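Chemist:
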Amino acid sequence: MHEFATPSGNKDIKIDLDKFIELFNENKAILVDIRMPFEVQVWSIPFAIHIPADKLDEVKLDKNKIVVVACPTQNRSPFAAMYLKQKGYNAKYLEGGLLNLMSKLKGGEAKSLKV
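Take any residue in the sequence shown, note its place counting from 1, add 1003, and you have its number in the numbering used here.
1) Which partner residues of I1018 appear in the DSSP bridge assignment?
2) Let me check understanding here. Comparing Cα to Cα, which of M1105, N1103, L1097, K1107 lies closest to F1023?
3) Quick check: what's the CA-CA separation for E1029 versus I1069?
4) Ignore the nearest five residues each way along the sequence and tell me which others in K1088's own chain have a CB closer than 6 angstroms to its CB.
5) If you draw a straight line from the C-alpha of R1038 to the C-alpha of A1073, how long is it?
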């Protein structure tokens, strides 16, 4: 899905859902929701840090953790992750995006994430 959006040589910039959940549960990763405010008003993710993509240059994030960037379907997140990598963060984008994460966490599966 959208491999063209990731520059060649940066295949390590994406992270799959299971690895993200593992690292999040170990307090080694944070989730940064880069959706615009009007998108967040429709549905929110309380365990994510919300920073609209156009405001990423204005924030400081924990450089000791993996910064996992996500948008609904990963259309924007590869670019945001590359930007954060250039700023010195260990940044990755969530493969499949937020919709895929929410699909995985529905019902009893939500217990797999320690929030």
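Ideal Cβ placement from N, Cα and C applies to all residues, glycine included.
Predicted model, so just to flag it, every value in this text is computed and none were measured.
Modeler: Taking the coordinates as given:
1) Looking at the DSSP output, I1018 bridges to L1097.
2) Among M1105, N1103, L1097, K1107, the Cα nearest to that of F1023 belongs to L1097.
3) Annotation: E1029 to I1069 spans about 11 angstroms, alpha carbon to alpha carbon.
4) Taken in chain order, the residues that qualify are A1094.
5) Approximately 8 angstroms, taken between the alpha carbons.
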